[in-house]
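All remarks here apply to the structure that follows.
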Amino acid sequence: AQSVTQPDIHITVSEGASLELRCNYSYGATPYLFWYVQSPGQGLQLLLKYFSGDTLVQGIKGFEAEFKRSQSSFNLRKPSVHWSDAAEYFCAVAGRGNTPLVFGKGTRLSVIA
Amino acid sequence: GAVVSQHPSRVICKSGTSVKIECRSLDFQATTMFWYRQFPKQSLMLMATSNEGSKATYEQGVEKDKFLINHASLTLSTLTVASAHPEDSSFYICSARGGGLDTEAFFGQGTRLTVV
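So the protein sequences, as listed, match chains A and B. In this text, residue positions in the first sequence follow my numbering: the first is 1, and each later residue adds one. In this text, residue positions in the second sequence follow my numbering: the first is 1, and each later residue adds one.
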């Protein structure tokens, strides 16, 4: 069965510092990988996705993620965090076609001055 | 890009009443839609897969008689929470993938259900 592990429940970083959120997945076939952000009481916003091709994916808001098949990882990075980045971040995996996304438990990001 | 619209965004109902949530794909046909549930400070858990013209497929532990799903057209799926109780209070989100093999998932805005 497919699954996603986000090892860090809560991360605190200083504004302007770099960020890396970890995501490991388990999936029997070629995975489709996603990162979403959710602010309190809001829906999901897609940050980036990986389907195939270049393993370094650029997303919105200055985020990027790198797919590493050998490590079953899809870590999210940002070189300089802004206070507005404070939110909950979810990594998700899916297969091709009409298959549902399976989400990790999320990582809550706090940003301090 | 493709849009999925979910309505209502927020609903408060009395215990014992039923609540219907609509999920529409606005510019593509969705033969399959997915319904998720999210408790406070938790992740999204897949409840069921809604298939146009056939019965929904429920995940283990989800009561199909409590969460009634109807997918009568290629652009509309509905989730009815029957005889809602306070423990059904949650955030419900629908999703559809855009069709084809290499497609991303589109999510509705979510519905905050509060049962009092």
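Ideal placement from N, C-alpha and C gives every residue a C-beta, glycine not left out.
For this session: Under 7 Å between beta-carbons, which chain A residues line up against Arg24(B)? List them in chain order, please.
Result: The premise fails here: Arg24(B) is roughly 15 Å from chain A at the closest Cβ pair, so nothing lies under 7 Å.
Exercise. So with Cβ pairs under 9 Å, would you call Lys49(A) a contact of chain B?
Worked result: Yes, Lys49(A) counts as interfacial toward chain B.
For this session: Could you check the C-alpha separation between Ala84(B) and Ser18(B) for me, to the nearest Å?
Result: 6 Å
For this session: Please name the residue in Ala86(A), Leu109(A), Thr107(A), Thr99(A) whose C-alpha comes closest to that of Thr32(B).
Result: Thr99(A)
For this session: Could you check the C-alpha separation between Arg108(A) and His10(A) for me, to the nearest Å?
Result: 5 Å
Problem set entry | Through-space distance from Ala82(B) to Asp65(B), alpha-carbon basis | 7 Å
For this session: Could you tell me whether the Cβ of Gln42(B) comes closer than 9 Å to any Cβ of chain A?
Result: Closer than 9 Å: yes.
Exercise. Shortest alpha-carbon distance to Arg97(B) belongs to which of Ser90(B), Gly108(B), Phe91(B)?
Worked result: Gly108(B)
For this session: Could you give the DSSP three-state label for Glu63(B): helix, strand or coil?
Result: If DSSP states are grouped into helix, strand and coil, Glu63(B) belongs with coil.
For this session: Please state if the CB of Val37(A) and the CB of Ala87(A) are separated by a distance shorter than 9 Å.
Result: yes
Exercise. Around the Cβ of Ile60(A), are there at least 16 other Cβ atoms within 10 angstroms (buried) or fewer (exposed)?
Worked result: exposed
For this session: Pull up the CB-CB distance for Leu113(B) and Ser89(B), whole angstroms please, since I reckon it's below 8 Å.
Result: Right, their Cβ atoms sit about 6 Å apart.
Exercise. Is the distance from the Cβ of Arg24(B) to the Cβ of Ser54(B) below 9 Å?
Worked result: Between Arg24(B) and Ser54(B), the C-beta gap is not smaller than 9 Å, which leaves the two residues out of contact.
Problem set entry | Rounded straight-line distance, which links the Cα of Pro86(B) to that of Lys14(B) | Each residue's alpha carbon lies about 9 Å from the other.
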